[in-house]
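The block underneath contains the structure these notes are about, expressed in structure tokens.
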Amino acid sequence: AVTLTLSAEVTARDRILETAANFGRLLHGSAEATLSTDRDVLLRVSGVTINRLIDLAGSTQGSDRVHLLPLGALGSRELLDVNWLELGHILVAGEPGGGAETVLTSLIAGLAARVSPNELRMVTIAASRSLPERLRDLPHQIQAFVAMPDFEAVNATLRSVRDEVDRRKRRGEGVDSEVINQDPDIVVVLSELADLQCDDMSLEVISNDGPAVGVHLLAATTSPEAVGGDILARFGTRLVLRMADEEQSMR
Numbered sequence: 004a005v006t007l008t009l010s011a012e013v014t015a016r017d018r019i020l021e022t023a024a025n026f027g028r029l030l031h032g033s034a035e036a037t038l039s040t041d042r043d044v045l046l047r048v049s050g051v052t053i054n055r056l057i058d059l060a061g062s063t064q065g066s067d068r069v070h071l072l073p074l075g076a077l078g079s080r081e082l083l084d085v086n087w088l089e090l091g092h093i094l095v096a097g098e099p100g101g102g103a104e105t106v107l108t109s110l111i112a113g114l115a116a117r118v119s120p121n122e123l124r125m126v127t128i129a130a131s132r133s134l135p136e137r138l139r140d141l142p143h144q145i146q147a148f149v150a151m152p153d154f155e156a157v158n159a160t161l162r163s164v165r166d167e168v169d170r171r172k173r174r175g176e177g178v179d180s181e182v183i184n185q186d187p188d189i190v191v192v193l194s195e196l197a198d199l200q201c202d203d204m205s206l207e208v209i210s211n212d213g214p215a216v217g218v219h220l221l222a223a224t225t226s227p228e229a230v231g232g233d234i235l236a237r238f239g240t241r242l243v244l245r246m247a248d249e250e251q252s253m254r
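Numbering of the sequence shown is given in our numbering, commencing with residue 4 and proceeding in unit increments.
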């Protein structure tokens, strides 16, 4: 644990004492505030990881950016945080009704809570009622949800994202990476990857070239056996829940 001594105006002391617990939760640890004999505020912080402090510092720029995303809990009940920018495309796989959409929702909410709309935008392609309605209201959403199986709208959306990938690639030729990173990341959310029918090369271009220019796929599926091997191979991070057999979980 670490104890910080804070010098604050008299009017601010009560506020610090009241909000100490919230400060601890923000750090994924705990905090307790007391007054010293000199009437300074003593803030005792414990259970905080160095990764969480790096995330809050917010001082890194360009290719050194860090956006920590909570993926789950360890056996010790500590949260497992990973750098979103190092994950590539993410796929959540599970049996029907096995929680894949719940995990996908948690990842979307985690990103929205950790990264501002100025740094991250979302395009969501989802079947009706597959994701909570409140996700539609996130300020990160570029447009209204695109409903599957409206294949014409789905393909038009994927072509638009592909065009953005191509634009960023052209602009990035011979340009410093810090200039490229001025664009917000784009996350294409797919509630069911197996149901996606793309009539051109848009999905392949996005999956191949997207991460290098800040465009990522965040998808779920309850039918991994129906997803083509070429597309499946592009998902460098796979969160596999309980599956019917070991072969499906290893795809």
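All residues carry an ideal CB built from backbone N, CA and C; glycine is no exception.
> Is Arg117 near Leu71, with beta carbons less than 8 Å apart?
Replying inline: Contact flag set, yes.
>> Give me the DSSP bridge partner(s) of Asn86.
In response: Leu71
> Which one of Ser133, Ser131, Arg132, Ala112 has the shortest CA to CA distance from Met125?
Replying inline: Ala112
> In terms of residue numbering, what span does the alpha helix (DSSP H) encompassing Asp17 cover?
Replying inline: Where Asp17 is concerned, the enclosing alpha helix (DSSP H) stretches over 13-29.
>> The alpha helix (DSSP H) that contains Ile2, what's its start and end?
In response: Look at the range of the chain in this structure, 4 to 254, and you will see that residue 2 is not part of it.
> DSSP state of Ser119, grouped into three classes?
Replying inline: coil
> Between Glu35 and Leu138, what straight-line distance do the alpha-carbon atoms span, to the nearest angstrom?
Replying inline: 34 Å
> Which residues does DSSP pair with Ser39 in a beta bridge?
Replying inline: Beta-bridge pairing by DSSP links Ser39 to no other residue.
> When you compare only the Cα positions, how much space is there between Gly50 and Asn25?
Replying inline: Gly50 and Asn25: Cα-Cα distance of roughly 14 Å.
>> Can you tell me where the alpha helix (DSSP H) holding Thr160 begins and where it ends?
In response: 154-175
> Any idea if Thr149 is buried or exposed, counting beta-carbon neighbours within 10 angstroms, 16 or more meaning buried?
Replying inline: In the sequence as displayed, the identity of residue 149 is Val instead of Thr. Burial call: buried.
>> Out of Val230, Arg170, Val95, which one is the CA nearest neighbour of Leu110?
In response: Val95
> So what's Leu199 in DSSP terms, helix, strand or just coil?
Replying inline: coil
> How long is the line joining the alpha carbons of Glu122 and Asp169, rounded to whole angstroms?
Replying inline: 19 Å
> So with Cβ pairs under 8 Å, would you call Pro187 a contact of chain B?
Replying inline: Looking for chain B here will not work: only one protein chain is present.
> Ordered along the chain, which non-local residues of its own chain (more than five positions away) have a Cβ less than 7 Å from that of Gly32?
Replying inline: Val48, Ser49, Gly50, Val51
>> Here's a check: name, in chain order, each residue in its chain whose Cβ is nearer than 7 Å to the Cβ of Pro135, leaving out the five neighbours to either side.
In response: Thr108
> Who pairs with Leu94 in a beta bridge, going by DSSP?
Replying inline: Answer by DSSP bridge pairing, in chain order: Ala222, Arg241.
> Can you tell me whether DSSP reads Leu235 as helix, strand or coil?
Replying inline: helix
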